[in-house]
Structures are given as structure tokens and as C-alpha cells.
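Enquirer: Structure in C-alpha cells, see below.
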Ligand code: AGP
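Numbering (the working numbering), first residue to last: 42 to 645.
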């Protein structure tokens, strides 16, 4: 996803912005640009490719600048389309995240203006420059920002103007001030080297920084009035991380899971009581008659697992919706509906929009998120944080399993409050949950079987992942992991569904990964495995340690420790994460920053 970094101050402006853009690289991008202002002169550099090739800019003397890494939405990956963009006379420069939806109408305000790019962004500096013919730079921005439709965050500078101006409507942007230095970024994490406090810009707000007086103005452009906001402290340690001795962040994050699960348990369970650090109380859910879970991608898979838990233990109906569908579907929700929004980044545009739709209909919104201070945590009625810590690998792993843990604890809390489970049952579930990190470690140290499977099958072009019950979502998750980092086409299905179409794909080139643990559907999954073997298919099974039968049927078996069925997803997902990782590594893929992907999808 696109990244923004801007700076005004007396340090080496070029270096500060370059470092800022590099810290945003993990979000994924395909081109970059930087505009550096020295009073009446603005130097522009931009190109396709990686930010690191811009060290020749070190020589530019500037006291203010804006930088951008672009993940193409409108217009191909070209130099002309990369940001910053300017007006025709090159007086105003803008970097922008998001999508301006009414560009066509807005072009009527700049008749005759020549557009050099195919981007929606270019309209912004052109409009500002046009309004600057009769207004100051800040007033021109105030006029233009109210004309834009769509999801955006932008930062603007202008020749002969001391102002650095940021605007937000739906896409994250945050600022920080330290002495006479001022920083703006699309990602709080990139501000951690500079300040332990941040100025959070919310939707509908402008931040206007005067680099001469160092004054800061917040302006509500929806209601056209100045507002007061104070800097807020945030957890700098949360935002800082490095790869350590691991080859990739993703591998580090896979191996961090036991520790992060323990941390998530310890924060939320005190003396056998589930307290969620007092962020929520079960009485808040007394009126809840239905739960709708909204999320995207891997977070959506976590919701699918939770659906099994809520329905079997709390005994209320649950729907799991893609946030992107939920937001446009005129969903039937009311005050007796609990919306649970799941998001690692807390910045996913579709999930944010889903929350707003739900709140418009009077529903209570509880979010489960990994990033403190992120947008979703600030627009929800309550948030329970996973303790995964910063997740840098684009492919989500530790965030997923800690999301599962929070969801299971939430299930237990509500089930116990509603007397669906008694004290003894609650204690038993918690006792099993507290053993998961140790059991997961046993899976993590047993990777030789995973390596053997990788060496045999890393060249395949397609794969099928099958599971039943609470492990059907894990089949989906395994397929997504393989797809997104190795670029192998993979599909996840309920195992029984294979007979309704996918079995036509089975042949000796198509590995099928089965999750086949000792639960009520074990014998049925064995039958599905036999159906695949009868068609020369390759079978890779994730099975329980004591399973004697699976070895006679499957070509490869990855054994995992037993646990209660409800908690099996914590253990069945790990071999699939490792398999995807090692296959992608063998194929030489960019595991932490897969092509076309971004860590937080802040556009629709
Ligand atoms: C997961 O591996 C993917 N990177 C992606 O599907 C991700 O889960 C999805 O974009 C949702 O992100 P969020 O959890 O930050 O909202």
C-alpha cells in the first residue's frame, strides 16, 4: 500500500524523508518520489523501483519536503504516475494515499489544464494552485479538500509558503512534533525514531503546520471550524522491531507465536477470570441476540473459526461477512446485533467502512486488533488487543493465532456469563488453552517433514487444501498463505465439498493437503483421502501424533500433538504456515513483501 512521509525542520531533510520512506517499504510499493522545498525552489525526484536507489539526493538542501511510495491503483507503474504530483506551474506539490472518486467533475474547475499523468491524485495540486490565485495556500487547501470525494490522505507543500498541510478522509495519516522538527507519516511506526507522542489526524480533518512559527492548526473541514487537539503518547516499543537472526520477518513471526499466545493469555486472563484488561464486561453483551463478524483475508478466516466456537458454546447465530461485501449490502442489523471487527492493521479500508455502516444502524462494535492507536481501535465502541506485537511480514501468522485466542476467550467469557458453560467447564477450556503454546512449540521444532514435502513439491502449480468443521477455515488459511507468498494457485474447501467439483482437478500433479485430526469427522476425511488416492492424487496430511492409520494412506504426514477439537486450529495452521514459507523460500519469492500485496490495504 502507498506510503507517505513528510518533514519540516533543520535536520537533513532529504535523509529524514528517505529514512521515512524506507521504514514504509514493508507496506509494499512499486515506485517512489520526493519533493524538497528550499523557500522559492522545489526539487523533484521520482522513479519506479526501490527507494534505496535515491541516495544521490543527499546533496539537496531543503527545510521541508514530502515523500511517497506508490502502490499503483489508478495508472500504471511509471515515473509520470509516481508521486509527488504538481500543478502545471509547479507551485504546489502533493503526495496522496487513497482514491479520489470525482476527478472527472473536478477537472471542470481547471479547464485547459494539461494532465501529464493517469492518476487521480494530479487533480489535487491543480485545484489548490487554481484557488491560490485568490486565496492563501492554507485557505486554498481548505476549499479544495471539501470538494474531494473518496477515501484519501494527502500532504501538500507550496513554493514560497511556510506551511506543511495534511488532510485525512478515510486513509491513515499521523503527525509528530519534536522541538522544531515536524513529521507526518501514513504509518505511526515510522515516527517512532522521532517522538513518543503523536498527533492523530482523524477523518474530516486538516493539520496545518507553520514551519516558521511552529504553530499547529487542526481544522475540521466537514464543519469548517478550527478544533483543538493534543499530542498523545503511544507505545513506542510496540512499534519497534527487527528480524533478529531470522532470514525473513515471516519466519520470525511464525516462531514467535507460542510466546505471543502466552502474552495474549496472560494479559486477558487473571486468576482464572477472563477480564480483557477491563476493556469489556460481559454484561455489555446481555442484549446480544446475534453476532456478525466482519473482516478481510486472514482475519476473515479467524472469524470463520470463531463462528464454530460461538455457535457451539454460546448458542447464538453468527454470520461471518467479508467487510467489503457487508458494507454495500444494506445488512439487517440492530442494537441486538454485536458486530465483531477483526483486523491486524486496524487500517483496512473495507473493515473501517463496515464498522461505520454497522454503527449507522445502531449496532455495538467490538474490534479485535493488533495495532494500538489504529483507526479501527478509535472508531469502535471497544477494542481487545492481541499481543502479537508488530507484524511486518505481509502474510499474517502470529496476528492470526492471537486473534483466534482473543476470539476463544471472548466465546468463553460470554458463554460463562450466560451460564452455557459452568465454572468447571470454563476452567477445563482455559487449562487446555494454556497448554497450546507448548504444543505449538513441538510442531515448530519438527520441520524436517515440512522440508521434505517442500523439496518434493515446491514446483507444483496448483494445490488443494481440505478440512472439516473448525478446520475448514484453516484449509482456507493454508491456501491463502501458499498463494500469497509462493504465487502457486491454491484453493481451500470443506473436505466433503471436494466431490462437488474440485475432485475433477485431482491428478498426480495436484497435491491435496488434508487436515485430518481425530475428531467426529476423522473417518469421513479418511474416505476423502481414499477418493484422492484412487485418482493418483498426492496426499499431504496434517494428523495427530498417535494416528496409526493415516500413514498407510497419505504420501506425507505432518504430525501434531492432540488437543481438544475446538483448539485444534491453533496447531493445524502451523504446518501450513511453514509449508507455504519453505516453498516460497525455495522458489526465491520475496516472502516479506510479496508482489502486488501490501501489509495494510487502506484502499477499497
Ligand atoms: C493475510 O496473510 C493477508 N496479508 C491479508 O489477507 C490480510 O489478512 C487482510 O488484508 C486483512 O488485513 P487486516 O487484518 O490488517 O485487516
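Heads up, the beta-carbon is just placed ideally off N, CA and C, and yes, glycines get one too. Model, not experiment: these values are computed from the prediction.
Can the beta-carbon of residue 447 be found closer than 8 angstroms to that of residue 422?
Expert: No, Cβ-Cβ distance for residue 447 and residue 422 is not below 8 angstroms.
Enquirer: Since I believe residue 306 is in contact with residue 475 (beta carbons under 8 angstroms), could you give me their beta-carbon distance rounded to a whole number of angstroms?
Expert: Rounded, the Cβ-Cβ distance is 6 angstroms, consistent with contact.
Enquirer: On the DSSP letters alone, give me the boundaries of the alpha helix (DSSP H) that residue 367 sits inside.
Expert: First-last of the alpha helix (DSSP H) with residue 367: 364-367.
Enquirer: So, using beta-carbon positions, are residue 537 and residue 558 closer together than 8 angstroms?
Expert: For residue 537 and residue 558, no; Cβs fall outside 8 angstroms.
Enquirer: DSSP on residue 417, reduced to helix/strand/coil?
Expert: Of the three classes helix, strand and coil, the one that applies to residue 417 here is helix, per DSSP.
Enquirer: Pick out whichever of 183, 391, 311 has its Cα sitting closest to the Cα of residue 139.
Expert: The shortest C-alpha separation from residue 139 is found at 391.
Enquirer: Count the other CB atoms within 10 Å of the CB of residue 561; is the residue buried (16 or more) or exposed (fewer)?
Expert: Exposed is the call here.
Enquirer: Between the alpha carbons of residue 260 and residue 80, how many angstroms are there, rounded?
Expert: Spanning the two alpha carbons is a distance of roughly 25 angstroms.
Enquirer: Under a three-way DSSP split, which group does residue 407 fall into?
Expert: If DSSP states are grouped into helix, strand and coil, residue 407 belongs with the strands.
Enquirer: Between the alpha carbons of residue 111 and residue 353, how many angstroms are there, rounded?
Expert: Those two C-alpha atoms are separated by around 45 angstroms.
Enquirer: Name the one or two DSSP bridge partners that residue 582 has.
Expert: Residue 582 pairs with 555, 598.
Enquirer: Are the CB atoms of residue 76 and residue 134 within a distance shorter than 8 angstroms?
Expert: Yes, the pair counts as a contact, with Cβ atoms nearer than the cut-off.
Enquirer: For the ligand AGP, I want to know if residue 436 counts as a neighbour, meaning its beta carbon is within less than 7 angstroms of at least one of the ligand's heavy atoms.
Expert: Correct: residue 436 has its Cβ closer than 7 angstroms to the ligand AGP.
Enquirer: Taking the beta carbon of residue 320 as the centre, do at least 16 other beta carbons fall within 10 Å, making it buried, or is it exposed?
Expert: Per the 10 Å Cβ criterion, exposed.
Enquirer: Give the DSSP-derived three-state secondary structure of residue 198 in the structure shown.
Expert: If DSSP states are grouped into helix, strand and coil, residue 198 belongs with the strands.
Enquirer: Starting from the C-beta of residue 342, find all residues in its chain whose C-beta is less than 6 angstroms away, skip the five residues before and the five after it, and write them out in chain order.
Expert: The answer, listed in chain order, is 514, 517, 518.
Enquirer: Alpha carbon to alpha carbon, how far is residue 566 from residue 599?
Expert: Roughly 16 angstroms separates the two Cα atoms.
Enquirer: Would a C-beta distance cut-off of 8 angstroms place residue 602 and residue 612 closer than the cut-off?
Expert: Contact: yes.
Enquirer: What does a CB cutoff of less than 7 angstroms around residue 473 pick up in its chain, not counting 5 residues either side in sequence?
Expert: Only 604, 605, 608 meet the Cβ criterion.
Enquirer: Name, in chain order, the residues that DSSP records as bridge partners for residue 427.
Expert: The partner list for residue 427 (beta bridge, DSSP) is empty, contrary to what the question assumes.
Enquirer: Who are the near neighbours of residue 485 in its chain, counting only those whose CB is closer than 7 angstroms to its CB and skipping five residues on each side?
Expert: Taken in chain order, the residues that qualify are 296, 615.
Enquirer: Using a Cβ distance threshold of 8 angstroms, determine whether the stretch 579-597 contacts the stretch 454-468, with at least three qualifying pairs required.
Expert: Result no; under three Cβ-Cβ pairs closer than 8 angstroms.
Enquirer: Measuring CB to CB, does residue 339 end up less than 8 angstroms from residue 441?
Expert: Yes; because the gap between Cβ atoms is below 8 angstroms, this pair is in contact.
Enquirer: Report the option in 427, 108, 274 whose CA atom is closest to the CA atom of residue 11.
Expert: Lying outside 42 to 645, the shown extent of the chain, residue 11 is not represented and no answer is given.
Enquirer: Does the stretch 205-217 touch the stretch 170-182, meaning 3 or more C-beta pairs lie closer than 8 angstroms?
Expert: Touching, per the Cβ criterion.
Enquirer: So, for residue 357: in the same chain, excluding its five sequence neighbours on each side, which residues have a beta-carbon less than 8 angstroms away from its beta-carbon?
Expert: Closer than 8 angstroms at Cβ, skipping near neighbours: 329, 330, 331, 332, 351.
Enquirer: Does the stretch 161-170 come close enough to the stretch 215-222 that 3 or more CB-CB pairs lie under 8 angstroms?
Expert: Touching, no, given that fewer than three Cβ pairs across the two stretches are closer than 8 angstroms.
Enquirer: Report, in whole angstroms, the separation of the C-beta atoms of residue 383 and residue 436, which I expect to be a contact under 8 angstroms.
Expert: Not really, about 16 angstroms apart at Cβ, beyond 8 angstroms.
Enquirer: Taking contact to mean 3 or more Cβ pairs, one atom from each stretch, closer than 8 angstroms, check whether the stretch 145-156 and the stretch 219-235 are in contact.
Expert: No, the stretch 145-156 is not in contact with the stretch 219-235.
Enquirer: Nearest to residue 509 by CA position, among 432, 495, 610, is which residue?
Expert: Nearest C-alpha to residue 509: 610.
Enquirer: What span of residues does the beta strand (DSSP E) with residue 118 cover, start to end?
Expert: Element bounds for residue 118: n/a, residue is neither H nor E.
Enquirer: Quick check on the DSSP output: the alpha helix (DSSP H) that includes residue 642 runs from which residue to which?
Expert: No alpha helix (DSSP H) contains residue 642, which DSSP labels as neither H nor E.
Enquirer: Terminal residues of the continuous beta strand (DSSP E) containing residue 105?
Expert: Run containing residue 105: 105-111, per the beta strand (DSSP E) assignment.
Enquirer: Distance, Cα to Cα, residue 504 vs residue 478?
Expert: Rounded to the nearest angstrom, the two C-alpha atoms are 29 angstroms apart.
Enquirer: How far does the alpha helix (DSSP H) with residue 623 in it reach, from first residue to last?
Expert: 609-627 is the span of the alpha helix (DSSP H), which, as asked, contains residue 623.
Enquirer: Compare the C-beta of residue 131 against all C-beta atoms of chain D and say whether one is closer than 8 angstroms.
Expert: This model lacks chain D altogether; it includes just one protein chain.
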